[in-house]
Amino acid sequence: MNPSVRIAVDIGGTFTDAVLQVGTTRYTAKVLTTPANPAEGFMQGIAQVLAQTSAVPADVALITHGTTLATNALIERRGARTALITTEGHRDSLEIGYENRFDQYNFDADRNPPLVPRSLRFGVRERMDYRGRVLQDLDEPSVTELIQRIEVESIESLAVGLLHAYANPAHEQRIREIIQQHFPDLYISLSSEVCPEIREYDR
Numbered sequence: 006m007n008p009s010v011r012i013a014v015d016i017g018g019t020f021t022d023a024v025l026q027v028g029t030t031r032y033t034a035k036v037l038t039t040p041a042n043p044a045e046g047f048m049q050g051i052a053q054v055l056a057q058t059s060a061v062p063a064d065v066a067l068i069t070h071g072t073t074l075a076t077n078a079l080i081e082r083r084g085a086r087t088a089l090i091t092t093e094g095h096r097d098s099l100e101i102g103y104e105n106r107f108d109q110y111n112f113d114a115d116r117n118p119p120l121v122p123r124s125l126r127f128g129v130r131e132r133m134d135y136r137g138r139v140l141q142d143l144d145e146p147s148v149t150e151l152i153q154r155i156e157v158e159s160i161e162s163l164a165v166g167l168l169h170a171y172a173n174p175a176h177e178q179r180i181r182e183i184i185q186q187h188f189p190d191l192y193i194s195l196s197s198e199v200c201p202e203i204r205e206y207d208r
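My numbering numbers the first residue of the sequence shown as 6 and each following residue consecutively.
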């Protein structure tokens, strides 16, 4: 490994740019982004800049990576078909948002639709308080009732965001265990792992 050999790769919506720096000399490459598998364009870019030098992969001391793919997917709303499991009675938190939003009393205000439509937001019976104390045990049958809905709706990704899970993630973790027994390859994200902070809308 040569500490002076560094590579930076930026995956954009159309192009993937790669820069290799050896000392003070820079080499660049631009390839098409491969949306179905962004790693392909990433590796093509690296191969092209390496080909311009005598460096080999083992010489590279550092690779930095940036991308707008996630941001683009959110803006263009073309991510995976996602469902949300939350505490019963709170599935509309995504639409309610913050109380301090602009013109909160205007029912006709233009608002961006939630990333997960209401029909794919499900409530389960459980409750924690803000200290993480269990007020109501997780009702596991209310979780298993969702198995068929997840299959029928062709869900590709599942988010679990329960009230006060930042203080005690046990119910979120148990929901993941139950769902994974039926869908071992389903991508499941828990709010307590992604952003273990107060306020369910933010998580």
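All residues carry an ideal CB built from backbone N, CA and C; glycine is no exception.
Item	Value
Given R116 as reference, the closest of L125, F20, I101 and V129 once Cα atoms are compared	I101
Beta-carbon contacts of R130 that lie in its chain and below 6 Å, excluding the five residues immediately before and after	E93, D144 and S147
Straight-line gap, A23 to I193 (C-alpha atoms, nearest Å)	32 Å
Host alpha helix (DSSP H) of T149 (start-end)	E145 to T149
Assigned secondary structure, R126 (DSSP; H/G/I helix, E/B strand, else coil)	strand
For G46, the first and last residue of its enclosing alpha helix (DSSP H)	P43 to A56
Rounded straight-line distance, which links the Cα of K35 to that of R138	53 Å
The region 12–20 touching the region 35–50, judged by at least three CB pairs closer than 8 Å	yes
Residue span of the beta strand (DSSP E) that contains H187, given as start and end	First-last for H187: A175 to H187, but that is the alpha helix (DSSP H), not the beta strand (DSSP E).
Identity of the residue in T73, V54 and H187 nearest T30 by Cα	V54
CB of I71 within 8 Å of CB of D15, strictly	The question names Ile, but residue 71 in the sequence shown is Gly. In this structure, D15 lies closer than 8 Å to G71 by Cβ.
Residues that DSSP places opposite I12 in a beta bridge	L25 and I68
Segment contact, 8 Å Cβ cut-off, at least three pairs: the region 80–97 with the region 52–66	no
Integer Cβ distance of P174 from S159, believed to fall under 8 Å	So it is not a contact: roughly 28 Å between Cβ atoms.
Residue from T87, R123, L168 and I183 with nearest C-alpha to E161	T87
Boundaries (first-last residue) of the alpha helix (DSSP H) holding L191	That residue, L191, is in no alpha helix (DSSP H); it is neither H nor E in DSSP.
Three-state secondary structure (DSSP) of A75	helix
Helix, strand or coil at A60 [DSSP, three-state]	coil
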